[in-house]
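This report refers to the structure that appears directly beneath it.
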Amino acid sequence: MNERGRGMDWKYEDMEERRIGLPQDVRRMKEYGDFEGAKRRIAVWLEKEIPEALRKRLKEEIPVLEILPMEYTIPKEQAILMCKERIRNFTEEEFERRWENGEIDWIYVNGEVRFFRRFLETLLKVFIPGKRVKDETSDVDELEQKALEQVVHKVKEKGKVTYHFRIHAGIKVKEVAFEKGMLSVHIPYPLEQMQVHNVRLVESNIKEPLIASRDAGQRTVFGMVRQQEPEEIYIEYEYDNSVRYVVLDPKKAEASIQPVYTWALADGFADAGPVRKEDFLEQAPHIIFTPYLKALAEEIVGEETNIVRKAKMVYDFVTTKIKYSFMPEYVVMDSIAEYAAMNGRGDCGVQTILFITLLRILGIPARWQSGLYVTPYSAGSHDWAQFYVEPYGWVFADCSFGGSAYRRGEEELWEFYFGNLDPFRMPANSVFQQEFYPRKKYRRTDPFDNQRGEAEYEDRGLSYDELECCRRVIAAYEKE
């Protein structure tokens, strides 16, 4: 059994030790890509009398060493061939140039270069969309982009828009990993927070589904199903998502924070809850106020003191300087915010965590939402942020969508995602890095986020490469 299947004695607090560095021999083997050798060195270290903090840090590295070689699998020759098949007039010289420019992610695996399994998706989406060979996927992308632009225009025009959604979400064990017996699952389920209301579980093949509370940090439907053959375990739910348009006026913003709000309904919206001390603080290992990030935050805002202008400066930095890139599983990253700021790239979650971290360093309350981006055509994983400004309360920022609009030269859409959000969302999570209810028996597959769902047997947890996760849009339409 691999390390990802263990972890009954694991606690979320153990991840805090990931801010500690690795012993030199382990680090060198990891950088060379000798992951099995690094695990053997860790085993030797764990036999010694060492401080408990270092012991926890070394144990935290084991799943990283197991997942990394699964994320970086493509040799150079294959990578070039893949590019030539999907990108018009692509050459080896262009590959070398883009690699050297940091547009193609890679590591060493046993001393040989291996590229990230999703590197081509990043190139096609961000760096050379105009040279992409047309296919069915690009047709859907164009339909979704048109629908998005229309709904954003409507939000700005009407001031408030409500959409109704019905979603099918399921999880299934792949044939190669299937075992007869009891399977426990956690499937993401909509929060009833701020923009979401009228949530209802419509259908499920779980006999006794357990829905986490409406204010759960990472809300799921939990169930236990005994299976004789691999079958999808699913839920179908519906909800309404209402968004209001806001223009943040720096002159109206107040610097003082008054955490007096409670959960209440007003004009069909659930209040987003009070400002908590956690909305200002570090959260190891990924939201850490490192010397570099503190220097960066100070450099971004300079002498500015207005809370709206400072937040906008951070938004502008993330959306214009951090290029969108598909990322490996977050568990392999030591510090998400610092990675984004150092390397100038990241996906929606990485950009969101950097935005939140920089705002908190500047004393601005900020927190996280994630779940699905849902259009009438498809549903896919997505992350975005919230931050608090008096007298507006909690407002939104979507650095990923804002950055995409900036790259396309769509300034109006770029500005919209500072303070606002479109209604094409299903938020399931409002707290980064939190355990499910009820708690999983084994270590979380993704200890930070939950957009796909997780599963475990009675004797081991299941990794994402052992699972098939399904999200399907059954209905999506505007409510008058």
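If you read the sequence shown in this note's numbering, its first letter stands for residue 332, the second for the next number, and so on. Cβ coordinates follow ideal geometry from the N, Cα and C atoms, glycine included. Small disclaimer: the values here were computed from a predicted structure and weren't measured.
Between the alpha carbons of residue 404 and residue 394 lies a gap of roughly 17 Å.
Counting along the chain, residue 539 sits inside no beta strand (DSSP E), nor does DSSP assign it H or E at all. Assigned with DSSP and collapsed to three states, residue 684 falls in helix.
Beyond the five residues adjoining it in sequence on each side, residue 616 comes within less than 7 Å, by CB distance, of 346, 347, 349, 350, 665, 666 in the same chain, given in chain order. The beta carbon of residue 545 sits closer than 6 Å to those of 523, all from its chain and outside the five residues before and after it, given in chain order. For the pair residue 683 and residue 774, the Cα-to-Cα distance works out to about 24 Å. The Cβ atoms of residue 483 and residue 744 lie closer than 8 Å to each other. Excluding five sequence positions before and after residue 747, the CB atoms of its chain that fall closer than 6 Å to its own CB belong to 483, given in chain order. Nearest C-alpha to residue 501 among 565, 548, 510: 565.
Taking C-beta atoms under 8 Å as the contact rule, residue 763 and residue 699 qualify, at a distance of about 5 Å. According to the DSSP secondary-structure assignment, residue 715 is paired through a beta bridge with 700. In this chain, residue 765 is not harboured by any alpha helix (DSSP H), its DSSP state being neither H nor E. If you compare the alpha carbons of 430, 414, 489 with that of residue 452, the shortest gap goes to 414. The beta carbon of residue 800 is closer than 7 Å to those of 502, 783, 784 in its chain, skipping five residues each way along the sequence. When the beta-carbon positions are compared, residue 628 and residue 693 come within less than 8 Å of each other. Secondary structure note for residue 453: its alpha helix (DSSP H) is the uninterrupted segment 450 to 453. When C-beta atoms of the segment 703 to 719 are compared with those of the segment 439 to 450, fewer than three pairs fall below 8 Å, so the two segments do not count as touching.
In the structure shown, the three-state DSSP call for residue 549 is strand.
A Cβ-Cβ distance of about 6 Å is found for the pair residue 751 and residue 577, placing them in contact under the 8 Å criterion. Remark: C-beta atoms of residue 623 and residue 731 do not approach each other more closely than 8 Å. Fewer than three pairs of CB atoms, one per stretch, sit closer than 8 Å, so the segment 626 to 640 makes no contact with the segment 369 to 383. With the rule of 3 Cβ pairs closer than 8 Å, the segment 671 to 678 does not count as touching the segment 720 to 729.
Here residue 689 is near residue 645, since their CB atoms are less than 8 Å apart. Residue 360 is classed as buried because its beta carbon has at least 16 other beta carbons within 10 Å across all chains shown. As the crow flies, the alpha-carbon of residue 388 is around 8 Å from that of residue 353. Residue pairing of residue 785 in beta bridges, as defined by DSSP: 517. If you draw a straight line from the Cα of residue 558 to the Cα of residue 648, it comes to about 50 Å.
Here residue 803 is exposed, its C-beta having fewer than 16 other C-beta atoms within 10 Å. Judged by their CB atoms, residue 570 and residue 530 are nearer to each other than the 8 Å cut-off.
Inclusion of residue 478 and residue 621 in the CB contact set at 8 Å is not warranted, their separation being larger than that value. Annotated as proximal: residue 474 and residue 708, with beta-carbon spacing under 8 Å.
Looking at the DSSP output, residue 677 bridges to 655. One Cα belongs to residue 516, the other to residue 579, and the distance between them is close to 41 Å. Nearest neighbour of residue 519 by Cα position, chosen from 525, 499, 355, turns out to be 499.
The continuous alpha helix (DSSP H) containing residue 428 extends over residues 423 to 431.
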